[in-house]
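A.B. asks: Sharing a structure with you now.
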Amino acid sequence: MSELYAVAGIPLLSSVLSPNLTPPDFCLIPIGTANTSVAEEVAECQRVLAASGLTYKRIWHKPRLAVSRSISYISLTVPEGPWSKVSQAIHDCHAAVHAKGALRIATDIRIGTRIDRDITPGQGNDAKVTRVQSILAQDNSS
1 MSELYAVAGI
11 PLLSSVLSPN
21 LTPPDFCLIP
31 IGTANTSVAE
41 EVAECQRVLA
51 ASGLTYKRIW
61 HKPRLAVSRS
71 ISYISLTVPE
81 GPWSKVSQAI
91 HDCHAAVHAK
101 GALRIATDIR
111 IGTRIDRDIT
121 PGQGNDAKVT
131 RVQSILAQDN
141 SS
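Under UniProt numbering, the first residue of the sequence shown carries the number 1, and numbering increases by one thereafter.
Next comes the structure, spelled out in structure tokens:
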């Protein structure tokens, strides 16, 4: 079996190559920093992803239900690429955020796979968005 291709959504609070599509997402939350803002940590993960060579997009999203009044937006970074490179990028984000002084990091990772069709490299997320927009356009034309 060839290496699985991964598409990840990475929410940070502030924030295809084979016939296999792996859409993991992870939420990286620094704990024990000297600052209540996580903007520096978000920026550091963006640097890591840029250096990784993975295709990724950053999306700013206002949550419908904020757990805290201080959380107004979530930065969602969505990389995609071979499973090993996405996993390495998650590891490298951890290492970079620890290097910035975070004593602990809590991370949730969720992964699913599919083998029913090929995904064009770098277009896994775009294809999903286009498909949903197409369905909504049909609703509007009815």
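Every residue, glycine too, gets a C-beta built ideally from N, C-alpha and C.
Computed from a predicted structure; not experimentally measured.
Would you mind stating whether alanine 33 and alanine 96 have Cβ atoms separated by less than 8 Å?
C.D. replies: In the sequence as displayed, the identity of residue 33 is threonine instead of alanine. Taking 8 Å as the Cβ cut-off, threonine 33 and alanine 96 do not qualify as a contacting pair.
A.B. asks: Less than 8 Å between the C-beta atoms of lysine 100 and glutamate 44, yes or no?
C.D. replies: yes
A.B. asks: May I ask which residues mark the beginning and end of the alpha helix (DSSP H) holding alanine 51?
C.D. replies: Under the DSSP assignment, alanine 51 falls in the alpha helix (DSSP H) whose first and last residues are 39-52.
A.B. asks: Using the Cα positions of residue 143 and cysteine 93, report the straight-line distance between them to the nearest angstrom.
C.D. replies: The chain is shown only over 1 to 142; residue 143 falls outside these bounds and no answer can be derived.
A.B. asks: Among His98, Val132, Ser87 and Gly81, which residue has its Cα nearest to the Cα of valine 42?
C.D. replies: His98
A.B. asks: Helix, strand or coil for arginine 117 per DSSP?
C.D. replies: Arginine 117 falls in the coil class under three-state DSSP.
A.B. asks: So what does alanine 106 bridge to, in DSSP terms?
C.D. replies: Ile29
A.B. asks: Does DSSP put threonine 130 in a helix, a strand or coil?
C.D. replies: helix
A.B. asks: At what residues does the alpha helix (DSSP H) containing alanine 95 begin and finish?
C.D. replies: From DSSP, the alpha helix (DSSP H) with alanine 95 extends over 83-99.
A.B. asks: Near arginine 64, what residues of its chain come up, given a Cβ to Cβ distance below 8 Å and the 5 sequence neighbours on each side ignored?
C.D. replies: For arginine 64, the predicted structure reports a pLDDT of 49, less than 50, and the residue's modelled location is therefore unreliable. The matter cannot be settled from this model.
A.B. asks: From proline 82 to alanine 50, what distance separates their C-alpha atoms?
C.D. replies: 15 Å
A.B. asks: Under 8 Å between the Cβ atoms of valine 48 and alanine 106?
C.D. replies: no
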